[in-house]
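Protein chains: 2
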Amino acid sequence: MTGDTARPRTADPELACPIAPVVDIVFSRWTTPILWALNEYGRQRFVELERRLTTITAKVLTQRLRQLERDGLVVRTYHPEVPPRVEYEISELGRSLAPLFATLADWSTANLGKVDQARLDYDAQARAGSRRS
Amino acid sequence: MTGDTARPRTADPELACPIAPVVDIVFSRWTTPILWALNEYGRQRFVELERRLTTITAKVLTQRLRQLERDGLVVRTYHPEVPPRVEYEISELGRSLAPLFATLADWSTANLGKVDQARLDYDAQARAGSRRS
DNA sequence: GCCGTTACTTTCCTCTAGGTACCTACTATA
DNA sequence: TATAGTAGGTACCTAGAGGAAAGTAACGGC
Numbered sequence: 001m002t003g004d005t006a007r008p009r010t011a012d013p014e015l016a017c018p019i020a021p022v023v024d025i026v027f028s029r030w031t032t033p034i035l036w037a038l039n040e041y042g043r044q045r046f047v048e049l050e051r052r053l054t055t056i057t058a059k060v061l062t063q064r065l066r067q068l069e070r071d072g073l074v075v076r077t078y079h080p081e082v083p084p085r086v087e088y089e090i091s092e093l094g095r096s097l098a099p100l101f102a103t104l105a106d107w108s109t110a111n112l113g114k115v116d117q118a119r120l121d122y123d124a125q126a127r128a129g130s131r132r133s
Numbered sequence: 001m002t003g004d005t006a007r008p009r010t011a012d013p014e015l016a017c018p019i020a021p022v023v024d025i026v027f028s029r030w031t032t033p034i035l036w037a038l039n040e041y042g043r044q045r046f047v048e049l050e051r052r053l054t055t056i057t058a059k060v061l062t063q064r065l066r067q068l069e070r071d072g073l074v075v076r077t078y079h080p081e082v083p084p085r086v087e088y089e090i091s092e093l094g095r096s097l098a099p100l101f102a103t104l105a106d107w108s109t110a111n112l113g114k115v116d117q118a119r120l121d122y123d124a125q126a127r128a129g130s131r132r133s
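Protein sequences appear in the order of chains R and X.
Numbering (the UniProt record's numbering) for the first sequence: 1 to 133.
Numbering (the UniProt record's numbering) for the second sequence: 1 to 133.
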């Protein structure tokens with residue numbers, strides 16, 4: 001129970017970087033796929049999300065959803081029914097990330113190829129032995 | 001030597017999320033502070049970066065810089081002088097991330113307070129015992 | 001009376017990112 | 001002679017994130 005909702009806290013390495021806190025909140029592991037799924041497909045139940053993000057485990061999904069709920073990016077609705085039913089949806093605050101994600105998607109389509117090419121070049125150079133015998 | 005330049009590869013959990021590859025490249029640990037420092041203060045030597053990102057270790061800094069170099073976001077210049085001198089600067093591709101970082105900074109100033117408030121509310125509710133028991 | 005379902009929780013285990021510490025080559029300087 | 005300084009490389013170790021699997025409550029159905 002201790003520290004369940006506590007953020008891992010990556011210390012203060014980001015002192016030099018004003019965007020570090022946001023990165024910590026928005027781009028920690030699994031958060032982008034979850035937010036994307038909630039934003040794209042609307043309100044969903046736990047199992048729907050679990051099935052959509054095929055490789056996530058229930059434990060981690062719970063952790064991330066709690067974190068996102070605590071940060072106000074996701075709204076959780078619990079229905080105390082016979083088989084419990086819980087629904088998750090993106091909050092207004094979470095939806096305000098949309099333009100950011102759009103910018104990211106734009107950069108992706110425009111430059112991801114360049115990154116791949118850079119990697120090919122780098123690996124070719126490395127294999128050619130230009131760096132260290 | 002095996003897998004030094006190889007990306008950790010977070011498997012394929014991000015199948016549902018088109019921006020996942022970019023997140024992997026741009027927002028993996030330490031990359032944003034490094035890119036920010038290079039973009040803000042221009043070309044720098046290894047030790048300058050090390051001192052600026054106060055808590056990073058030399059080993060990790062080397063790893064991240066290699067990774068960024070391989071991805072074409074950072075340019076490394078080696079001067080084979082008496083005491084070795086290496087300079088790092090942001091590449092054109094890296095500089096193309098500037099608007100993205102700007103969007104991020106904007107969202108930060110606008111909404112970081114709301115996240116903090118949401119956390120306070122959530123923690124207060126949790127302490128009030130409304131959830132379980 | 002047992003199974004199935006949901007949304008977890010808990011326990012145990014593994015794996016690896018990252019930290020510590022020490023090593024390199026080369027020279028200037030004291 | 002010894003020490004400092006640069007830009008790492010390398011070996012060892014630990015903490016912690018994340019995975020697997022089982023447990024839980026509460027009820028409906030067979």
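Using N, Cα and C, we set each Cβ at its ideal position, and we do this for glycine too.
Pairing residue 109 of chain X with residue 103 of chain R, the inter-Cα distance amounts to about 18 angstroms. Counted as a single uninterrupted DSSP element, the beta strand (DSSP E) harbouring residue 90 of chain X occupies residues 85–90.
Judged by their CB atoms, residue 23 of chain X and residue 27 of chain R are nearer to each other than the 7 angstroms cut-off.
In the DSSP secondary-structure assignment, residue 60 of chain R is not bridged to any residue.
Annotation for residue 119 of chain R: the continuous alpha helix (DSSP H) segment containing it runs 98–127. With 16 or more other Cβ atoms from the protein chains shown falling within 10 Å of its own Cβ, residue 71 of chain X counts as buried.
In the DSSP assignment, residue 75 of chain R falls within the unbroken beta strand (DSSP E) covering 74–79. At a cut-off of 7 angstroms, the C-beta of residue 59 of chain R has no neighbouring C-beta in chain X. For residue 21 of chain X, the uninterrupted alpha helix (DSSP H) run begins and ends at 20–26, by DSSP. At least one CB atom of chain X sits nearer than 7 angstroms to the CB of residue 27 of chain R. Using a C-beta cut-off of 8 angstroms, the region 81–88 of chain X makes contact with the region 39–53 of chain X, since at least three inter-stretch Cβ pairs fall below that distance. The C-beta separation of residue 76 of chain X from residue 39 of chain X comes to about 16 angstroms, leaving the pair out of contact by the 8 angstroms criterion. For residue 116 of chain X, the closest C-alpha among the options R:105, R:68, R:118, R:53 is that of R:68. With 16 or more other Cβ atoms from the protein chains shown falling within 10 Å of its own Cβ, residue 33 of chain X counts as buried.
Between the alpha carbons of residue 73 of chain R and residue 62 of chain X lies a distance of about 35 angstroms. Classified as exposed, residue 55 of chain X has fewer than 16 neighbouring CB atoms from the shown chains inside 10 Å of its CB. Of X:29, X:57, X:66, X:99, the smallest CA-CA separation from residue 122 of chain R is found for X:66.
Assigned with DSSP and collapsed to three states, residue 43 of chain X falls in coil, not helix or strand. Under a criterion of Cβ atoms nearer than 8 angstroms, the residues of chain X adjacent to residue 101 of chain R are, in order, 19. Put simply, of X:112, X:30, X:20 the residue whose alpha carbon is nearest the alpha carbon of residue 58 of chain X is X:30. Against chain R, the beta carbon of residue 69 of chain X has neighbours under 9 angstroms at 118, 122, listed in chain order. At least one CB atom of chain R sits nearer than 7 angstroms to the CB of residue 115 of chain X.
In terms of beta-carbon proximity, residue 93 of chain R lines the interface with chain X, with at least one pair separated by less than 7 angstroms. The beta carbon of residue 112 of chain R sits closer than 6 angstroms to no other beta carbon from its chain once the five residues preceding and following it are set aside.
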